[in-house]
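Inspection log for the structure reproduced underneath, given as structure tokens.
Chains as they are written, first to last, in my numbering: chain A, 416 to 526; chain B, 416 to 526.
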């Protein structure tokens with residue numbers, strides 16, 4: 416068995432790009448919650464255990480900036496704000512489900 | 416169209432578990448590089464652009480602790496240390512490829 420590699424490996428640019436978003440704490444969880452349907456800020460904060468208001472706010476702005484999350488404002492009254500996934504964000508949902516299945520099988524012992 | 420949700424959403428426990436590892440900066444990239452084959456510390460540091468020695472060292476220890484990465488020591492001489500994916504880690508590789516393809520299509524404009 417040839418266990419050697421003689422090339423210089425390099426992290427794939429597309430994987431690097433994926434983790435520029437998903438390698439940021441909470442983003443994967445926020446995307447997964449929105450994958451189940453639109454949610455308000457308060458619903459998201461409750462759904463993502465441990466996140467603070469300030470960090471959730473920053474993450475939602477970042478996810479909107481990269482085009483994965485859309486902020487809807489209903490002028491009301493009463494004014495109501497909800498977040499939902501863009502088309503690009505929706506494309507991620509089945510992969511998050513697969514990551515969950517992988518983790519359920521392979522990461523049982525994480526503390 | 417019923418755009419309302421009346422339940423209280425909750426981030427899926429398995430997705431939360433997945434991102435306890437992958438939501439930590441660099442981990443996804445390290446796993447992707449090792450998905451292409453075993454690598455030494457120096458190879459990994461070069462492959463993952465921007466990571467420091469201290470952080471790479473901490474991340475490799477964490478990935479080994481959750482059973483995704485295995486550290487091989489060849490007593491030599493010369494002593495040589497290499498890292499490779501465990502079976503559980505290997506199971507992640509096709510999902511990282513899919514995330515890369517998703518990002519290539521959907522995250523083109525990330526700054």
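All C-beta atoms in this analysis are idealised placements derived from N, C-alpha and C, irrespective of residue type, glycine included. Quick caveat: nothing in here was measured; it's all calculated off a predicted structure.
Hey, is residue i's beta-carbon within less than 8 Å of any beta-carbon in chain A?
i, result
"residue 491 (chain B)", "no"
"residue 470 (chain B)", "no"
Could you tell me which of the options sits nearest to residue i, measuring between CA atoms?
i, options, result
"residue 464 (chain B)", "B:475, B:473, B:448", "B:448"
"residue 596 (chain A)", "B:504, B:500, B:517, B:506", "No information on residue 596 (chain A) is available, as it lies outside the stretch 416 to 526 that chain A covers here."
"residue 535 (chain A)", "A:442, A:423, A:520", "Since the first and last residues shown for chain A are 416 and 526, residue 535 (chain A) lies out of range."
"residue 522 (chain B)", "A:471, A:499, A:429, A:423", "A:429"
"residue 511 (chain A)", "B:434, B:477, B:475", "B:434"
"residue 501 (chain B)", "B:437, B:425, B:446", "B:446"
So that I know if they touch, is there some Cβ in chain B lying closer than 8 Å to that of residue i?
i, result
"residue 456 (chain A)", "no"
Where does residue i land, buried or exposed, given buried means 16+ other C-beta within 10 angstroms?
i, result
"residue 496 (chain A)", "exposed"
"residue 432 (chain B)", "buried"
"residue 484 (chain B)", "buried"
"residue 476 (chain B)", "exposed"
"residue 515 (chain B)", "buried"
"residue 478 (chain A)", "buried"
With DSSP run on the structure shown, which of helix, strand or coil describes residue i?
i, result
"residue 427 (chain A)", "coil"
"residue 486 (chain B)", "strand"
"residue 512 (chain A)", "helix"
"residue 438 (chain B)", "coil"
"residue 592 (chain A)", "Outside the shown range of chain A (416 to 526) lies residue 592 (chain A), about which nothing can therefore be said."
"residue 465 (chain B)", "coil"
Following the continuous alpha helix (DSSP H) through residue i, name the residue where it begins and the one where it ends.
i, result
"residue 495 (chain B)", "That residue, residue 495 (chain B), is in no alpha helix (DSSP H); its beta strand (DSSP E) goes 495 to 500."
"residue 461 (chain B)", "456 to 462"
"residue 450 (chain B)", "442 to 450"
Start and end of the beta strand (DSSP E) containing residue i?
i, result
"residue 468 (chain A)", "Taken as a continuous stretch (DSSP letters only), residue 468 (chain A) belongs to no beta strand (DSSP E), being part of the alpha helix (DSSP H) at 468 to 480."
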